[in-house]
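Novice:
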Amino acid sequence: MKNTGMDKLPIGIENFAELRTEGFYYIDKTALIRDLLYAWGKVNLFTRPRRFGKSLNMSMLKTFFEIGCDSSLFEGLEISGETELCERYMGKYPVIFISLKNVDCADYEGARMALSAIIGSEAQRFQFLLESQRLSEPEKAMFQKLIDVSPDHQNFFNMTENILRESLGVLTRLLEKHYSQKVILLIDEYDVPLARASERGYYKPMADLIRGLFNQDLKTNDSLYFAVLTGCLRIAEESIFTGLNNPKNFSITNVRLDEYFGFTDREVREMLQYYNLEEKYELIKEWYDGYRFGNEDVYCPWDVMNYCDELIENPGAKPQDYWSNTSGNQVVRAFIEKIDDGLTRGDMEALIAGETVEKEIHMDLTYDHLYDSAENIWSVLFTTGYLTQRGNPDGDRYLLTIPNREIRRIFTRQIMEMFRENVKKDGARLNDFCNALKNGNAPEVERQFTAYLSDTVSIRDTFVKKPTKENFYHGILMGILGFKGSWKISSNRESGDGYSDILAEIENEEIGMVIEVKHAEKADYDKVILEAFRQIERERYEEALIRDGCSTIYKYAIACYKKRCRVSLKTEKSF
270 MKNTGMDKLP IGIENFAELR TEGFYYIDKT ALIRDLLYAW GKVNLFTRPR
320 RFGKSLNMSM LKTFFEIGCD SSLFEGLEIS GETELCERYM GKYPVIFISL
370 KNVDCADYEG ARMALSAIIG SEAQRFQFLL ESQRLSEPEK AMFQKLIDVS
420 PDHQNFFNMT ENILRESLGV LTRLLEKHYS QKVILLIDEY DVPLARASER
470 GYYKPMADLI RGLFNQDLKT NDSLYFAVLT GCLRIAEESI FTGLNNPKNF
520 SITNVRLDEY FGFTDREVRE MLQYYNLEEK YELIKEWYDG YRFGNEDVYC
570 PWDVMNYCDE LIENPGAKPQ DYWSNTSGNQ VVRAFIEKID DGLTRGDMEA
620 LIAGETVEKE IHMDLTYDHL YDSAENIWSV LFTTGYLTQR GNPDGDRYLL
670 TIPNREIRRI FTRQIMEMFR ENVKKDGARL NDFCNALKNG NAPEVERQFT
720 AYLSDTVSIR DTFVKKPTKE NFYHGILMGI LGFKGSWKIS SNRESGDGYS
770 DILAEIENEE IGMVIEVKHA EKADYDKVIL EAFRQIERER YEEALIRDGC
820 STIYKYAIAC YKKRCRVSLK TEKSF
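Counted from 1, the sequence shown has number 752 at position 483 by this note's numbering; the numbering is strictly sequential.
1) Can you list, in chain order, the residues of its chain whose CB lies under 7 Å from that of V692, leaving out five sequence neighbours each side?
2) Where does L722 sit, in a helix, a strand or coil, going by DSSP?
3) Curious, which full-length beta strand (DSSP E) runs of at least 3 residues does the segment 623-647 contain?
4) Which residue or residues does DSSP assign as beta-bridge partners of V312?
5) Which residues mark the beginning and the end of the beta strand (DSSP E) in which S759 is found?
6) Since A705 contacts S837 with CB under 8 Å, what's their CB separation in whole angstroms?
7) Have a look at Y830 and C703 and give me their C-alpha separation to the nearest angstrom.
8) For Q393, count neighbouring Cβ atoms within 10 angstroms of its own Cβ and tell me buried if that reaches 16, exposed if not.
9) Determine the direct distance from the alpha carbon of Y655 to that of Y568, and round the result to whole angstroms.
10) Identify every residue that forms a DSSP beta bridge with I775.
11) Which residues does DSSP list as the beta-bridge partners of E335?
12) Kindly list the residues whose CB is nearer than 6 Å to the CB of I771, restricted to its own chain and excluding five residues on each side of it in sequence; keep chain order.
13) Thinking C-beta only, is Y377 closer than 7 Å to P462?
14) Flag this pair as yes or no: are the beta carbons of E718 and C834 separated by less than 7 Å?
15) Rank G818, R807, F802 and C819 by C-alpha distance to the C-alpha of I827 and give the top, closest one.
16) So within the segment 355-411, which uninterrupted alpha helix (DSSP H) runs reach at least 4 residues, ignoring any that extend past its ends?
17) Once you ignore the five residues that flank Y823 on each side, which residues in its own chain have a CB closer than 7 Å to its CB?
18) Among all the DSSP beta bridges, which residues are the ones paired with Y825?
19) Sort out for me which residues DSSP pairs Q658 with in a bridge.
20) Could you please give me the residues that DSSP links to Y607 through a beta bridge?
21) If P672 and Y529 are in contact, beta carbons under 8 Å, what's the gap, nearest whole angstrom?
22) State buried or exposed for W309, treating a residue as buried only when at least 16 other CB atoms are found within 10 Å of its CB.
23) Which word fits K735, buried or exposed, when buried means at least 16 other C-beta atoms lie within 10 angstroms of its C-beta?
24) If you drop the 5 nearest sequence neighbours on each side, which residues of the same chain put their C-beta closer than 8 Å to that of C355?
25) Are there 16 or more other CB atoms within 10 angstroms of the CB of Q413, so buried, or fewer, so exposed?
26) Thinking just about the alpha-carbon of each residue, which of Y557, R674 and L301 is nearest to the one in L346?
27) Give me the Cβ distance between D252 and V626, rounded to the nearest whole Å; I'm assuming they're in contact under 8 Å.
28) Assuming E283 and L325 are in contact, meaning their beta carbons sit under 8 Å apart, how far apart are those beta carbons, in whole angstroms?
29) When burial is assigned at 16 or more other CB atoms within 10 Å of the CB, is Y307 buried or exposed?
30) Going by the beta-carbon positions, is the gap between D457 and M327 smaller than 7 Å?
31) Please classify N313 as buried or exposed, where buried requires at least 16 neighbouring CB atoms within 10 angstroms.
32) Between the segment 546-564 and the segment 671-688, do three or more beta carbon pairs fall short of 8 Å?
33) Roughly how many whole angstroms lie between the Cα atoms of A643 and E618?
34) Output yes or no for whether 7 Å exceeds the beta carbon distance between V524 and N575.
35) Under the assumption that S520 contacts M382 (Cβ atoms under 8 Å), give the Cβ distance between them as a whole number of angstroms.
Okay, structure coming up:
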């Protein structure tokens with residue numbers, strides 16, 4: 270980032286104290302402390318999509334409540350105006366803070382060891398308990414088991430499974446006895462171990478381990494003052510929260526505390542003003558706004574900060590898919606794979622076009638059944654941020670839509686990737702289409718291309734310019750031609766938001782093809798065909814083919830509207 274004299278953007282910074290002491294820009298979310306205390310729940314669960322500030326907020330809670338708090342970190346922030354509350358709560362509690370986001374292992378044993386390392390490392394922060402005058406020798410021996418490492422001293426914690434299940438419960442009890450004060454427990458990304466276990470085939474033992482851990486920590490723990498958990502999904506209570514008394518759920522549908530995860534429009538405007546980027550407001554809103562949590566419309570913080578950081582270095586930088594690069598998009602693929610198996614093409618096409626679909630949403634899910642049905646996948650897409658709500662729900666039925674350009678792009682890219690995979694599987698059909706092209710058989714090209722369009726989801730993005738709409742048809746055609754290994758294909762000559770042409774050469778037959786693909790608004794095929802030929806002639810696209818020695822050149826103009834196309838041909842000899 271350039272040395273502008275302004276605060277740095279805190280990309281990837283999840284430590285509140287570091288952010289406040291090292292000159293980073295901070296959007297004040299400290300009122301969450303006040304509202305969380307007023308809302309009061311013994312166990313509080315916040316579910317939000319990834320990259321919406323969960324970890325930073327958890328670090329902020331730890332910093333505020335933990336004994337030894339540096340009050341200067343909160344000077345000038347909203348919570349500092351709550352004098353009575355700060356006097357009562359700031360720096361008054363032992364705090365245990367663990368993040369489970371890195372429990373990402375191939376098998377159960379590896380995941381169990383990772384959990385042991387996370388909890389053991391946190392326990393090591395409290396090694397003074399071994400010298401505590403308030404703990405008995407047996408209690409100190411219990412604590413020692415939490416921080417023992419393996420005999421090879423490679424920092425692998427040596428907890429048995431039984432010790433691991435009891436670890437946080439033991440630690441809270443010992444801390445309470447030492448401080449004569451109940452303990453606050455913060456567990457960030459609580460559901461990551463379950464997500465990874467489901468993906469890799471060891472869900473049942475991992476769910477059993479997490480259930481045992483949580484029952485010790487959250488159900489039968491008199492040393493607990495309160496707990497806060499964050500995650501992407503609200504796991505069904507019968508799965509891991511068995512017997513837990515009324516956890517307080519703050520999901521994306523709850524109105525309370527809805528403004529503390531994500532950036533509000535006001536906060537984005539203020540940040541853009543601070544960095545002199547006000548002229549980018551509409552573009553940022555189009556790409557990264559659109560999420561609705563409770564009654565609050567919010568932007569994805571990760572996207573906004575990354576794009577602003579790019580703009581500070583390069584004012585001409587184009588928006589990118591920052592959010593999709595932080596994780597896989599397997600839920601989108603699973604969703605598309607359900608087309609014709611409980612999911613209609615019409616629903617998918619409506620979403621891509623910026624419309625809404627009404628679906629029943631279930632907030633309680635289990636990772637081992639996420640993809641069992643199209644109904645479950647709708648719920649997963651909603652809770653993980655790929656879809657958002659519009660209007661007010663009717664019971665469990667929600668109006669769902671894709672929130673913004675970035676997420677719409679994730680869907681369209683996945684659709685195109687799966688289309689290319691399907692094309693590759695049908696070699697006979699691929700050859701028929703390519704033979705029609707190289708033989709100048711325009712009617713057959715039209716018939717075959719229309720059939721391909723009918724076989725995939727129509728991407729009619731009503732929010733973008735006409736050249737960008739042409740990218741879908743261009744992508745379909747490139748997805749077909751890309752598997753013709755003996756042909757030389759060139760593409761992606763950008764023109765504005767779209768693409769200008771496709772050039773194909775069959776060198777051993779001295780055949781060249783210029784293909785201009787256009788979107789026909791309101792099915793005005795004749796007008797668009799004429800426009801395509803004019804562009805081919807004006808830009809002299811065939812010259813590159815002539816230089817490469819093509820003696821026969823086919824000039825194709827293809828006009829597309831929804832799932833129909835019109836193909837016209839001009840043929841010429843170069844010599």
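Even for Gly, the Cβ is constructed at its ideal location relative to N, Cα and C.
Please read these numbers as outputs of a predicted model, since none were measured by experiment.
Specialist: Per the coordinate set shown:
1) L699, G748, I749 and F752
2) helix
3) 626-629
4) A496
5) K757 to S759
6) Wrong, their Cβ atoms sit about 14 Å apart, outside the cutoff.
7) 22 Å
8) exposed
9) 13 Å
10) I780
11) Y362
12) S760 and I784
13) no
14) Residue identity differs from the one stated: residue 718 is Phe in this sequence, not Glu. Yes, Cβ-Cβ distance for F718 and C834 is below 7 Å.
15) F802
16) 377-393
17) G709, M782, L838 and T840
18) I784 and L838
19) L669
20) At residue 607 the sequence reads Lys, which differs from the Tyr that was named. Answer by DSSP bridge pairing: none, since K607 is not bridged.
21) With a Cβ gap of about 18 Å, P672 and Y529 do not count as contacting.
22) exposed
23) The predicted position of K735 is uncertain, since its pLDDT is 48 and thus under 50; a value taken from the coordinates is nonetheless stated next. Exposed, because fewer than 16 other Cβ atoms sit within 10 Å of the Cβ of K735.
24) S340, F343, I348 and S349
25) exposed
26) L301
27) Any property of residue 252 remains undetermined from this structure, which presents the chain solely from 270 to 844.
28) 5 Å
29) exposed
30) yes
31) buried
32) yes
33) 16 Å
34) no
35) S520 to M382, Cβ: 32 Å. No contact.
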